[in-house]
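Notes follow once the structure below has been shown.
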Amino acid sequence: MNHAVPVLVARNVDVRRGGRCVVRGLSFGLGGGGLALVVGPNGSGKTSLLRVLAGLAPCAGGEVTWNSVALARIPAEDRADIAYRGHLDGLKKELTVEENLAFWAALRRQRSGFDELLAALDLHGVAGRQVRFLSAGQRRRAALATLKVAPARLWLLDEPMTNLDSAGRTLVAGWVSEHLAQGGVAVVATHRPDELARPGATLVEL
Amino acid sequence: MDLFLIVLKRDLKLAFRRWSELANPLLFFMIVTAMFPLALPPNTAQLQALGAGIPWIAALLSSLLALEALFRSDAEDGSMEQLLLSPAPLGSVVLAKVAAHWIVSGVPLLALVPAVALSFYLPVEALAVLVPALLLATPTISILVALGAALTVSLKSGASVIGLLVLPLCSPLLIFGARATDLAANGEATAGPLYLLASLAVLSVSLGPIAIAAALKVGLE
C-alpha cells in the first residue's frame, strides 16, 4: 500500500445527492504534489464530491482509487493516509482544544504535544478551554490543526477558509503549499480558487 | 484493543462533562418505580407479585431515554464522520461507545435497584437474583437500543421510533429476567433463566456492534 508516489484517480464518477445526480462522468487524476481545486456555485455538488472522494458516500457510478485501491476496499489501518475536513468541525464541544487534538492523535497512533502547532494557529491561549467557548474562527483553526497532528498524504478540504481571518487564510494556504511540496495530494473545494491557485493545479468545475 | 480504550476513555470523559444527561435516565428509573407503590393498593402480597416485573420495564424505558442520542451528538458535530474515516475499526468504536454508556448509566442503575426492591417488599433472595439478572441483561438492552439509535441517527428525534423498533426485541429479556426474579422470590432454582440471559448477552455483545456499524454507515451516507 505504501506507494512511493501517491496517486488519486477518479474515473467517470457520478455523484448523487438526495436521489438526484449532481455530478456526472467526472474524471481526473492527481499524482504526488498534485492539487485539484473544485469550484462551482452553491448546490453544484462540491461537498457531495468530496464526501465520495473521502469514502463517506458511495459513487453512484464510476470508480475512485487511491494508490490503485478502490476507496471502499482501503483497509482500516490505511485510512489514516486520508484526511477529510468537511463543514463540520469534528470537535467535541465539551472537550478542550488540547483534548480534542490528543484524541485525534491517539486514534492515529501519533504522539501528543501540540505547543508549536497551537502557537502557529494563535490558539495557545485557548488550548485548555472547552471548544464550546471558542469563536467560529477559532473552532475552524482547531479543526484544521488536525491536518498537522497526524500526517496524511491525501487532503480533502471542503471550503477550509470559511470563518478564517486573513492571517488564517495565509497560514492554511501555506500549509497546502508545504503539503504539496512534500509530495502530498490535495483536493480543495473553494469559492476563492485564487487563494490557492498555482501552475499545474487541476481545476474541477462543477 | 488500545483504540477501543481510547474511544472508551473519551466517551467517559464526555459523559462526566455533561452529567445532567447522565442523571436524567437514573432519576426517571427511580421516579417511575416509586410511582407504582403509590398508585397501587398498599397490599404487601400484591406489591411483591408486581415487584418482579416493574423494575425490568423501568430499566428498559430508562435505557431507551439514555441511549436514544448515543450517536446523534457525534453525527451532528462531525465527529462520527471522522470516526468512520479513522483507522479504528468501526465495530470496536461502536462497542467502546456502548460500553462507556453502560458503565455510566447501567452500573449506577444497579446500585439503585436495592432501594426499588425495598419499596416493593421484595425478599432479599429475590434481590440477590434481580441484581445479577439486570447485570446480565443491561448489556443486551444497551446493544439493542444502540442499534435503534444507529438506525435513526439521521432523524431529529428518534426516541419513539426506537421504542417501536427495539422494545419488541427486548421481550425475551423481560420474560427471562422477570421470571428469574419471580422464581427467586418463591425460593425456586433460577439458573435456567440466568443462563439464557447470559447467552443473550454474549450473542448481542459479539454480533451487535457489526450490525450497529453497518447501520451507522448507511445512516450517515
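Going down the list, the sequences are from chains A and B. To convert, take the position in the first sequence, counting from 1, and add 237; that gives our numbering. To convert, take the position in the second sequence, counting from 1, and add 709; that gives our numbering. Note that CB positions come from ideal geometry on N, CA and C, so glycine has one too.
Would you mind reading off the limits of the beta strand (DSSP E) that contains residue i?
| i | result |
| --- | --- |
| A:Y321 | 319-322 |
| A:T439 | 439-442 |
| B:G867 | From DSSP, B:G867 is part of no beta strand (DSSP E); its letter is neither H nor E. |
| A:D251 | 245-254 |
| A:V275 | 272-276 |
Here's the rule I'm using: 16 or more other beta-carbon atoms within 10 Å means buried, otherwise exposed. How should residue i be labelled?
| i | result |
| --- | --- |
| A:C197 | The structure shown has nothing for residue 197 of chain A, since chain A only spans 238 to 443. |
| A:W392 | buried |
| B:K806 | buried |
| B:D783 | buried |
| B:S915 | exposed |
| B:T753 | exposed |
| A:H428 | exposed |
| A:P278 | exposed |
| B:W811 | buried |
| B:M789 | buried |
| B:M744 | exposed |
| B:G867 | buried |
| B:A758 | exposed |
| B:S913 | buried |
| A:T399 | exposed |
| A:M238 | Per-residue confidence for A:M238 stands at a pLDDT of 45, beneath the threshold of 50, marking its modelled position as unreliable; the derived number appears in the next sentence. So A:M238 counts as exposed. |
| A:T225 | Outside the shown range of chain A, which is 238 to 443, sits residue 225 of chain A, and nothing can be said about it. |
| B:P750 | exposed |
| A:F340 | buried |
| A:D318 | buried |
For the alpha helix (DSSP H) containing residue i, list its first residue and its last residue.
| i | result |
| --- | --- |
| A:S264 | Taken as a continuous stretch (DSSP letters only), A:S264 belongs to no alpha helix (DSSP H), being part of the beta strand (DSSP E) at 257-267. |
| B:E785 | 781-785 |
| B:V914 | 900-928 |
| B:E730 | 728-748 |
| B:G886 | 880-894 |
| B:Q755 | 753-760 |
| A:E527 | In the structure as shown, chain A begins at 238 and stops at 443. Residue 527 of chain A is therefore absent and cannot be evaluated. |
| B:W765 | 763-776 |
| B:T849 | 833-860 |
| A:R429 | Taken as a continuous stretch (DSSP letters only), A:R429 belongs to no alpha helix (DSSP H), as it is neither H nor E. |
| A:R377 | 373-386 |
| B:G800 | 799-810 |
Measuring straight from C-alpha to C-alpha, what distance separates residue i and residue j?
| i | j | result |
| --- | --- | --- |
| B:G760 | B:L747 | 13 Å |
| A:G411 | B:L818 | 53 Å |
| A:D323 | A:L394 | Before going on, a small fix: residue 323 of chain A reads as Gly here, not Asp. C-alpha separation (whole angstroms): 6 Å. |
| B:P764 | B:C879 | 14 Å |
| B:F713 | A:D431 | 43 Å |
| A:L407 | B:G917 | Note on identity: in this sequence residue 407 of chain A is Thr, with Leu being the wrong assignment. Cα-Cα distance, rounded: 47 Å. |
| B:P841 | B:S908 | 14 Å |
| B:V813 | B:L721 | 7 Å |
| B:A768 | B:T847 | 8 Å |
| B:F829 | A:V252 | 60 Å |
| B:I697 | B:V803 | Outside the shown range of chain B (710 to 930) lies residue 697 of chain B, about which nothing can therefore be said. |
| A:L338 | B:P832 | 52 Å |
| B:S869 | B:A858 | 11 Å |
| B:L874 | A:S372 | 40 Å |
| A:R316 | A:Q367 | 28 Å |
| A:L245 | B:D786 | 28 Å |
| A:P243 | A:S264 | 17 Å |
| A:R191 | B:R726 | There is simply no residue 191 of chain A to check, as chain A begins at 238 and stops at 443 in what is shown. |
| B:L903 | B:F885 | 7 Å |
| A:A356 | A:R377 | 15 Å |
| B:T849 | A:V275 | 46 Å |
| B:S708 | B:G901 | Past the boundaries of the shown model lies residue 708 of chain B; chain B is included only from 710 to 930, so the question cannot be answered. |
| A:L381 | B:R888 | 55 Å |
With hydrogens ignored, establish whether the beta-carbon of residue i is closer than 8 Å to any heavy atom of the ligand ATP.
| i | result |
| --- | --- |
| B:G762 | No copy of the ligand ATP occurs in the structure displayed, which carries no ligand at all. |
State the beta-bridge partners of residue i as determined by DSSP.
| i | result |
| --- | --- |
| A:L391 | A:I319, A:V422 |
| A:T333 | A:Q367 |
| A:V306 | A:W303 |
| A:G298 | A:D251 |
Interface positions of the region 343-358 of chain A facing chain B (Cβ-Cβ less than 9 Å), listed along the chain
A343, L344, R345, R346
Contact set between the region 727-744 of chain B and chain A, restricted to residues whose Cβ is under 8 Å from the partner
R727
Closer than 7 Å, Cβ to any Cβ of chain B: which residues of the region 315-328 of chain A, in chain order?
R316, A317, I319, Y321, G323, L325, D326, G327, L328
So if I threshold CB-CB distances at 9 Å, which residues from the region 270-297 of chain A count as touching chain B?
R288, A291, G292, L293, A294, P295
Can you list, in chain order, the residues of the region 358-379 of chain A whose Cβ is nearer than 7 Å to any Cβ on chain B?
none
Between the region 772-796 of chain B and chain A, which residues of the former have CB atoms less than 7 Å from a CB of the latter, in chain order?
Within the region 772-796 of chain B, the qualifying residues are D786, G787, S788, E790, Q791, L793, L794, S795, P796.
Which of the residues in the region 378-410 of chain A, read from start to end, lie with their CB under 7 Å from any CB of chain B?
none
Please list, in chain order, the residues of the region 245-261 of chain A that have any C-beta partner in chain B closer than 9 Å.
none
Looking at chain A, which residues of the region 893-912 of chain B have a Cβ within less than 7 Å of any of its Cβ atoms?
none
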